[in-house]
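To keep things clear, I will list the structure first and then write my remarks on it.
Protein chains: 2
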Amino acid sequence: MSWNIDQDSISLLAPELPEIVVRRYCLLRKIYYCSPIGRRSLAAYFNMGERVVRREIDILREQGFVAIERKGIVLTTAGKSMVKSIMPCLKSFLGLTALEERLLELLKIRRVIVVPGDLESDAVVLLEMGRAAARVLRECLEPDMVLAVSGGTSCAAVADMLSEAPAPPGITVVPARGGLGEVVDYQANTIAARVAQKLRSSYRLLHLPDSLSQEALQMLLREEKVREILDLINSARVLLHGIGTAEEMARRRGAGLREMGRLREKGAVGEVFGVFYNDSGDVVDRIPGLGLYLEELSGHVENVIVVAGGRKKAKAIAAVAGNHSRDLLVTDESAAREILQVEEGDNLEGGSDIFVPGRLPREGDNLSRS
Amino acid sequence: MSWNIDQDSISLLAPELPEIVVRRYCLLRKIYYCSPIGRRSLAAYFNMGERVVRREIDILREQGFVAIERKGIVLTTAGKSMVKSIMPCLKSFLGLTALEERLLELLKIRRVIVVPGDLESDAVVLLEMGRAAARVLRECLEPDMVLAVSGGTSCAAVADMLSEAPAPPGITVVPARGGLGEVVDYQANTIAARVAQKLRSSYRLLHLPDSLSQEALQMLLREEKVREILDLINSARVLLHGIGTAEEMARRRGAGLREMGRLREKGAVGEVFGVFYNDSGDVVDRIPGLGLYLEELSGHVENVIVVAGGRKKAKAIAAVAGNHSRDLLVTDESAAREILQVEEGDNLEGGSDIFVPGRLPREGDNLSRS
DNA sequence: CCATGTGGGACTTTTTTTGACCCGTATTTT
DNA sequence: AAAATACGGGTCAAAAAAAGTCCCACATGG
Chain A
1 MSWNIDQDSI SLLAPELPEI VVRRYCLLRK IYYCSPIGRR SLAAYFNMGE
51 RVVRREIDIL REQGFVAIER KGIVLTTAGK SMVKSIMPCL KSFLGLTALE
101 ERLLELLKIR RVIVVPGDLE SDAVVLLEMG RAAARVLREC LEPDMVLAVS
151 GGTSCAAVAD MLSEAPAPPG ITVVPARGGL GEVVDYQANT IAARVAQKLR
201 SSYRLLHLPD SLSQEALQML LREEKVREIL DLINSARVLL HGIGTAEEMA
251 RRRGAGLREM GRLREKGAVG EVFGVFYNDS GDVVDRIPGL GLYLEELSGH
301 VENVIVVAGG RKKAKAIAAV AGNHSRDLLV TDESAAREIL QVEEGDNLEG
351 GSDIFVPGRL PREGDNLSRS
Chain B
371 MSWNIDQDSI SLLAPELPEI VVRRYCLLRK IYYCSPIGRR SLAAYFNMGE
421 RVVRREIDIL REQGFVAIER KGIVLTTAGK SMVKSIMPCL KSFLGLTALE
471 ERLLELLKIR RVIVVPGDLE SDAVVLLEMG RAAARVLREC LEPDMVLAVS
521 GGTSCAAVAD MLSEAPAPPG ITVVPARGGL GEVVDYQANT IAARVAQKLR
571 SSYRLLHLPD SLSQEALQML LREEKVREIL DLINSARVLL HGIGTAEEMA
621 RRRGAGLREM GRLREKGAVG EVFGVFYNDS GDVVDRIPGL GLYLEELSGH
671 VENVIVVAGG RKKAKAIAAV AGNHSRDLLV TDESAAREIL QVEEGDNLEG
721 GSDIFVPGRL PREGDNLSRS
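Residue numbers (the numbering used here), protein chains in the order written: chain A, 1 to 370; chain B, 371 to 740.
Pasting the structure below:
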């Protein structure tokens with residue numbers, strides 16, 4: 001029998017290690033995004049005791065990663081550098097690199113990036129996903145491209161984390177669809193504009209009322225201005241989109257229980273650009289509206305960057321991101337593990353647990369998070 | 371300012387980690403070589419509390435690396451496999467790979483292998499060095515070679531750790547010099563025979579009285595049998611030798627304080643094949659005797675495997691193993707760090723400490739070791 | 001048959017960790 | 001300007017973990 005012990009052998013010798021490393025890394029990462037921040041805020045955020053946080057911070061301070069100021073805890077230069085550069089090392093240490101490879105094989109797409117942590121229990125993971133996706137996005141950009149972006153918190157995070165630096169010339173950013181009734185920060189229009197601003201590119205928007213009848217849509221299609229933007233959108237060569245769960249989307253549309261029941265009946269698990277997919281990736285429903293038609297995108301779309309995380313979206317991700325050689329997936333650890341567990345009945349081994357810094361909540365805990 | 375944080379970043383996040391890993395590894399390694407062995411023996415050997423050992427063993431048992439039997443602690447299959455395969459990973463984790471590269475550059479020799487630990491405080495390190503050297507030795511062997519070995523504990527360890535498997539045909543093992551008065555187990559003759567046995571090769575020995583006058587040596591030289599073996603020795607294409615410190619050698623020769631003082635005066639720090647070297651690698655003295663003449667070895671020697679460890683031998687190693695492109699050095703962590711610190715005024719960074727499992731000795735401790 | 005070394009159990013002491021405070025101050029909000 | 005908030009730091013006791021120190025029953029080997 002051959003024992004395949006490689007870079008993870010250290011964690012086998014010190015099984016308590018991953019927990020420690022993850023806890024400190026999460027703290028560091030949170031401080032990175034939220035500094036200056038206080039002990040109590042951190043403790044509340046991660047559901048840890050205040051004293052535990054203090055101890056960890058002391059260690060991090062001794063290591064020179066954080067400095068303590070009157071306003072709160074901040075990262076030192078070394079700390080910032082650490083957060084930025086530790087990722088590849090941490091990923092291999094936590095087995096995420098292996099996870100990426102297994103997902104790549106399972107989903108048969110071009111590229112998979114898995115970010116450590118669980119988006120649902122640590123909101124900072126969303127930002128980290130955004131940062132990773134932003135880097136991928138920049139790699140995809142070429143002169144005179146049209147980039148279409150969708151709405152949602154995930155894409156908003158990408159926009160947030162994009163560095164402010166000029167992209168190749170001639171790029172136009174457009175929303176993939178006219179506004180779906182959402183918070184303005186998460187609307188495709190808003191995100192497109194913010195992305196364009198970060199990239200120093202131009203952008204075109206498509207403002208539409210929330211719910212339109214078929215007749216109204218037909219009428220709008222005859223408008224030259226609208227037509228023009230739609231053509232632009234459908235000539236996109238790069239797509240950046242999140243994934244909605246069916247429940248989320250139905251709720252966001254203000255749909256009644258009736259409609260939600262219908263979606264569930266059809267087995268809808270994920271939504272992209274207003275199109276609902278079931279487990280197998282088939283289209284089972286769509287929201288009437290104007291914009292990009294994913295099915296019609298054939299030749300000229302080169303890269304589809306899918307960014308979504310959280311255990312709840314696992315099924316949706318697997319359904320949407322499967323079997324497209326043009327797809328690039330950016331997700332988080334919890335979603336990645338969930339997908340693999342569901343899809344291939346993951347032979348659960350020791351150490352494949354996902355570590356979260358917090359403790360079990362007790363009665364009396366304040367569960368609100370910053 | 372550029373922060374070079376790479377694979378060691380994990381240890382920066384968890385500074386207590388190297389100590390834990392090294393401790394467990396040392397325990398595992400000791401068990402590997404000495405099983406079955408009991409808690410108390412381990413505790414005494416490593417100068418640890420019995421309870422500490424018990425706890426570590428519990429963890430190692432939970433991890434499936436050791437099993438506890440009535441006769442003592444033994445390694446499981448997984449444990450054996452771990453000890454064998456963790457080495458490269460551990461080396462990079464402890465920065466030994468980097469250490470090897472720096473030594474390679476400093477000494478300008480062909481190859482450097484650094485084994486974790488300190489030979490002086492953990493005798494098992496000697497065996498580990500032997501195992502590494504044995505592997506190197508096997509790589510060097512080609513058909514019809516003559517292999518000359520020296521005496522000493524280091525070479526004895528190599529002989530011990532050599533696997534029993536046939537070497538290329540036609541190999542002859544010889545002692546590099548006639549017996550210097552030592553314990554028989556560590557004499558070159560003994561070691562040559564044991565190496566040959568492991569390699570399934572033939573061997574020739576050269577038995578000589580301890581101290582001989584010049585006249586006696588000259589007379590022996592005229593003996594055909596002796597002459598024949600000497601020719602064989604001097605046709606060696608592979609050398610395997612340890613390094614003696616001057617003190618050690620003088621003591622072993624039973625030399626009086628007078629002679630030791632003379633050696634010290636001349637600056638002798640290391641000895642190989644009865645030849646003493648000073649800091650710079652110059653020959654400052656020699657023990658009269660018959661055998662291999664290192665200086666005359668020119669063309670036909672292809673590989674010189676130097677195996678020596680321990681902080682005390684650092685200077686000797688640096689003096690002897692320098693500037694020979696044919697040299698391969700196998701040493702331990704403590705010697706390697708000491709060499710670098712002395713030779714290039716090592717800019718001491720955090721984490722470059724060498725971890726030993728024990729604690730500081732107290733009064734009342736039983737310091738004897740198995 | 002006894003000396004030695006083994007694991008396991010039990011107990012106390014010591015150290016570390018954690019929780020729960022309070023305090024003075026700087027900053028923000030009212 | 002005053003109140004409220006959030007910050008770091010300090011302190012103390014409870015709790016938990018670790019470590020030291022025994023003793024016992026059992027095997028093994030001289």
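Idealized CB from N, CA, C, for every residue including glycine.
Exposed or buried, what is residue 570 (chain B) when buried is set at 16 or more other beta-carbons lying within 10 Å of its beta-carbon?
Numbered from its first residue, the second sequence carries residue 570 (chain B) at position 200. When all chains shown are included, residue 570 (chain B) counts as exposed.
Round the Cβ separation of residue 127 (chain A) and residue 160 (chain A) to the nearest angstrom and send it over; I've been treating them as touching at under 8 Å.
Within the first sequence, numbered from 1, the residue matching residue 127 (chain A) stands at position 127. Within the first sequence, numbered from 1, the residue matching residue 160 (chain A) stands at position 160. Confirmed, Cβ separation roughly 7 Å.
Check the DSSP bridge columns for residue 271 (chain A) and list the partner residues they point to.
Counting from one through the first sequence, the residue named residue 271 (chain A) turns up at place 271. Partner(s): A:244 and A:276.
Under three-state DSSP, which class holds residue 235 (chain A)?
Position 235 of the first sequence, counting from 1, holds the residue named residue 235 (chain A). Residue 235 (chain A) falls in the coil class under three-state DSSP.
Chain A contacts made by the stretch 382-394 of chain B, where a contact means CB separation under 7 Å:
382, 383, 384, 385, 387, 390, 391 and 394
Please classify residue 221 (chain A): is it buried, with 16 or more other beta-carbons within 10 angstroms of its beta-carbon, or exposed?
Looking up residue 221 (chain A) in the first sequence gives position 221. Exposed, since its Cβ has fewer than 16 Cβ neighbours within 10 Å.
Can you find a CB in chain A that lies within less than 9 Å of the CB of residue 379 (chain B)?
Against the second sequence, residue 379 (chain B) aligns to sequence position 9. Interface criterion met: the Cβ of residue 379 (chain B) is under 9 Å from a Cβ in chain A.
Complete runs of the alpha helix (DSSP H) confined to the stretch 145-232 of chain A [at least 4 residues]:
For secondary structure counted as the alpha helix (DSSP H) over 4 or more consecutive residues, the stretch 145-232 of chain A holds these complete runs in sequence order: 153-161, 188-199 and 214-221.
Enumerate in chain order the residues of its own chain whose CB-to-CB distance from residue 724 (chain B) is below 7 Å, with the five nearest sequence positions on each side excluded.
Start at 1 with the first residue of the second sequence, and residue 724 (chain B) comes out as number 354. Counting only Cβ-Cβ distances below 7 Å, and skipping sequence neighbours, we find 488, 703, 704 and 707.
Give me the residue from A:12, A:281, A:197 and A:245 with the minimum Cα distance to residue 310 (chain A).
Within the first sequence, numbered from 1, the residue matching residue 310 (chain A) stands at position 310. Minimum Cα distance to residue 310 (chain A) is reached at A:245.
Using a beta-carbon distance cut-off of less than 9 Å, what residues from the stretch 419-437 of chain B approach chain A?
429, 430, 432, 433, 434 and 435
Work out the CA separation of residue 174 (chain A) and residue 145 (chain A) for me, nearest whole Å.
The residue given as residue 145 (chain A) occupies position 145 in the first sequence. The residue given as residue 174 (chain A) occupies position 174 in the first sequence. Whole-angstrom Cα-Cα distance: 11 Å.
Would residue 572 (chain B) pass as a contact of residue 541 (chain B) if the rule is Cβ separation under 9 Å?
Position 202 of the second sequence holds residue 572 (chain B). Position 171 of the second sequence holds residue 541 (chain B). Taking 9 Å as the Cβ cut-off, residue 572 (chain B) and residue 541 (chain B) qualify as a contacting pair.
Assuming residue 437 (chain B) is part of the alpha helix (DSSP H), what are its boundary residues?
Mapped onto the second sequence, residue 437 (chain B) falls at position 67. Element bounds for residue 437 (chain B): not the alpha helix (DSSP H) but the beta strand (DSSP E), 436-439.
Which residues DSSP lists as bridging residue 701 (chain B), in chain order:
Taking the second sequence and counting its residues from 1, one reaches residue 701 (chain B) at position 331. BP columns for residue 701 (chain B) point to B:484.
Give the interface partners of residue 463 (chain B) over in chain A, defined as CB-CB distance under 8 Å, in chain order.
In the second sequence, counting from the first residue as 1, residue 463 (chain B) sits at position 93. Chain order gives the chain A residues near residue 463 (chain B) as 10, where near means a beta carbon separation below 8 Å.
Please report the distance separating the alpha-carbon of residue 291 (chain A) from that of residue 331 (chain A).
Here residue 291 (chain A) corresponds to residue number 291 of the first sequence, with the count starting at 1. Here residue 331 (chain A) corresponds to residue number 331 of the first sequence, with the count starting at 1. Rounded to whole angstroms, residue 291 (chain A) to residue 331 (chain A) spans 25 Å at the Cα level.
What are the residues in the stretch 443-456 of chain B lying within 8 Å of chain A by C-beta distance?
447, 448, 451, 452, 455 and 456
Do residue 318 (chain A) and residue 283 (chain A) have their C-beta atoms within less than 9 Å of each other?
If you number the first sequence from 1, residue 318 (chain A) lands on position 318. If you number the first sequence from 1, residue 283 (chain A) lands on position 283. Contact: no.
Cα-Cα separation between residue 9 (chain A) and residue 123 (chain A), rounded to whole angstroms:
As a first step, residue 9 (chain A) is located in the first sequence; it is residue number 9 there, counting from the start. As a first step, residue 123 (chain A) is located in the first sequence; it is residue number 123 there, counting from the start. Their Cα atoms are separated by approximately 31 Å.
Counting only the same chain and skipping the five closest in sequence on each side, list residues whose C-beta sits under 6 Å from that of residue 184 (chain A).
Here residue 184 (chain A) corresponds to residue number 184 of the first sequence, with the count starting at 1. Excluding positions up to five away in sequence, the list reads 190.
Are the C-beta of residue 89 (chain A) and some C-beta of chain B separated by less than 9 Å?
For this step, residue 89 (chain A) is matched to residue 89 along the first sequence. Taking 9 Å as the threshold, the shortest C-beta distance from residue 89 (chain A) to chain B falls below it.
Residue 124 (chain A) - DSSP class collapsed to helix/strand/coil:
Looking up residue 124 (chain A) in the first sequence gives position 124. Helix, per DSSP.
Helix or strand or just coil, what does DSSP make of residue 354 (chain A)?
On the first sequence, position 354 is the one that residue 354 (chain A) refers to. Residue 354 (chain A) falls in the coil class under three-state DSSP.
Does the CB of residue 732 (chain B) have a neighbour CB from chain A at under 9 Å?
Stepping through the second sequence from its first residue, residue 732 (chain B) is reached at position 362. In this prediction, residue 732 (chain B) scores a pLDDT of 43, lower than 50, which makes its location untrustworthy; the coordinate-derived value is nonetheless stated afterwards. Not an interface residue.
Secondary structure at residue 282 (chain A), three-state DSSP: helix, strand or coil?
Locating residue 282 (chain A) in the first sequence gives position 282, counting from the first residue. Coil.
Contacts around residue 226 (chain A), its chain only, beta-carbon distance under 8 Å, and the 5 residues preceding and following it disregarded
Locating residue 226 (chain A) in the first sequence gives position 226, where the first residue counts as 1. Answer for residue 226 (chain A): 206, 220 and 290, listed in chain order.
Counting only C-beta atoms, is residue 496 (chain B) closer than 9 Å to chain A at any point?
Reading the second sequence from its first residue, position 126 is the one you call residue 496 (chain B). Cβ-Cβ to chain A under 9 Å: no for residue 496 (chain B).
Status (buried if at least 16 other CB within 10 Å, exposed otherwise) for residue 163 (chain A)
Position 163 of the first sequence holds residue 163 (chain A). By the neighbour-count rule (16 or more Cβ atoms within 10 Å), residue 163 (chain A) is not buried but exposed.
Where does the unbroken alpha helix (DSSP H) through residue 465 (chain B) begin, and where does it stop?
Residue 465 (chain B) sits at position 95 when you count from the first residue of the second sequence. Run containing residue 465 (chain B): none; DSSP gives neither H nor E here.
DSSP beta-bridge partners of residue 289 (chain A)
Here residue 289 (chain A) refers to the residue found at position 289 of the first sequence. Answer by DSSP bridge pairing: none, since residue 289 (chain A) is not bridged.
Buried or exposed: where does residue 153 (chain A) fall if 16 or more other Cβ atoms within 10 Å of its Cβ makes it buried?
In the first sequence, residue 153 (chain A) corresponds to position 153, counting from 1. Residue environment for residue 153 (chain A): buried (at least 16 other C-beta atoms within 10 angstroms of its C-beta).
State the CB to CB distance for the pair residue 485 (chain B) and residue 474 (chain B), rounded to an integer number of angstroms; the pair is presumed to be in contact (CB under 8 Å).
Numbered from 1 along the second sequence, position 115 holds the residue referred to as residue 485 (chain B). Numbered from 1 along the second sequence, position 104 holds the residue referred to as residue 474 (chain B). Incorrect: roughly 15 Å between the Cβ atoms, too far for contact.
Take the Cβ of residue 536 (chain B) as the centre, count every other Cβ of all protein chains shown within 10 Å, and call the residue buried at 16 or more, exposed below.
On the second sequence, residue 536 (chain B) is found 166 positions in, with the first residue counted as 1. Result: exposed.
Would residue 538 (chain B) be called buried (16 or more neighbouring beta carbons within 10 Å of its own) or exposed?
The residue given as residue 538 (chain B) occupies position 168 in the second sequence. With fewer than 16 other Cβ atoms within 10 Å, it is exposed.
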